[in-house]
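**Q** Following the working numbering, the numbering of the sequence shown begins with 470 at its first residue and continues without gaps. For every residue, glycine included, the Cβ atom is placed at its ideal position computed from N, Cα and C. These numbers were taken from a predicted model, which means no experiment stands behind them. Here it is, the structure, as C-alpha cells.
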Amino acid sequence: MKDFATADLSDDNDNIQICEGIFRPYGGCTKFMGMIRTVTAVEDNSYVKKLIEEKVDGDVMVIDGRGSMKCALLGDMLAEKACDNGWSGFIINGCVRDSEIINDIQIGVKALNTMPKKSEKKDLGKFKDDLIFAGVTFKEGEYVYSDLDGIIVSSKKLD
470 MKDFATADLS
480 DDNDNIQICE
490 GIFRPYGGCT
500 KFMGMIRTVT
510 AVEDNSYVKK
520 LIEEKVDGDV
530 MVIDGRGSMK
540 CALLGDMLAE
550 KACDNGWSGF
560 IINGCVRDSE
570 IINDIQIGVK
580 ALNTMPKKSE
590 KKDLGKFKDD
600 LIFAGVTFKE
610 GEYVYSDLDG
620 IIVSSKKLD
C-alpha cells in the first residue's frame, strides 16, 4: 500500500496513534509503511546492525535510542544493507549520519536529527520490547505508516 496519505488515514481511522511531530525525513523514499520491528539501541547500534541482517518484506525498524544526540544509530552503509534486505524504512528516536548519501538510497528514514559521530559497538541492546516515545507505543508486529505529514501507528494493517 504505497498509495496512502497519513492525513487520510487519520481522518478515516479512529483506533490509531499519531506521533508527535518531532522527526525529520531522510532517505530516498518520503512515504513508507510496514510491519513494526523494534530494537532498543542507546548510543550503540550493534543490535540495529544485527536486525538489518535479516531478510524481510517491507518491514519498518523502530529504534529507541532514548533521544540521544551524542551519536548516530544509522549511517549510509547500514541503510544500503537494509534496502538490499527488504526493509522499507526506519523510525529512529535518535540520530543518523551520512544523510546526503542516505537521501539517495531508496529507503525511508525518520530521525530526530543528524550527528557525524558513529555509535559505540559494545553489543548492547534489546529486541522486541514495546517502545514508547513521541507520544505513542510501538509494538512488534503492529503497523506504521509514514509520509511527509507524519507517522501513524495501527494495531492492524490499514486499507
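1) Is the beta carbon of S615 sitting closer than 8 Å to the one on A541?
2) Shortest alpha-carbon distance to R493 belongs to which of E611, K625, S479, N582?
3) When we look at the beta-carbon of T475 and count the other beta-carbons within 10 Å, is it buried (16 or more) or exposed?
4) Got a sec, what are the start and stop residues for the alpha helix (DSSP H) D477 sits in?
5) Helix or strand or just coil, what does DSSP make of L593?
6) Please classify M502 as buried or exposed, where buried requires at least 16 other C-beta atoms within 10 Å of its C-beta.
7) Applying the criterion that 16 or more other CB atoms from any shown protein chain within 10 Å of the CB defines a buried residue, is S568 buried or exposed?
8) What does the alpha-carbon distance come out to for the pair D598 and V531?
9) Report the three-state DSSP secondary structure of D553 (helix, strand or coil).
10) According to DSSP, what are the bridge partners of K579?
11) Pull up the DSSP beta-bridge partners for I456, would you.
12) Can you check which of these residues, M584, L593, I560, K591, is closest to D528 by C-alpha distance?
13) Mapping the DSSP letters down to three states, classify M630 as helix, strand or coil.
14) Which first and last residues belong to the alpha helix (DSSP H) in which L520 is found?
15) Take the Cβ of L617 as the centre, count every other Cβ of all protein chains shown within 10 Å, and call the residue buried at 16 or more, exposed below.
16) Could you please give me the residues that DSSP links to R506 through a beta bridge?
17) Taking only the alpha-carbon atoms, compute the straight-line gap between A551 and V517 and give it to the nearest angstrom.
**A** Reading from the atomic positions:
1) no
2) N582
3) buried
4) 475-481
5) coil
6) buried
7) buried
8) 10 Å
9) helix
10) P494, I560
11) Here the chain comprises residues numbered 470 to 628, so residue 456 is not present and cannot be evaluated.
12) I560
13) Nothing can be reported for residue 630, as the shown portion of the chain is limited to 470 through 628.
14) 515-521
15) exposed
16) M530
17) 10 Å
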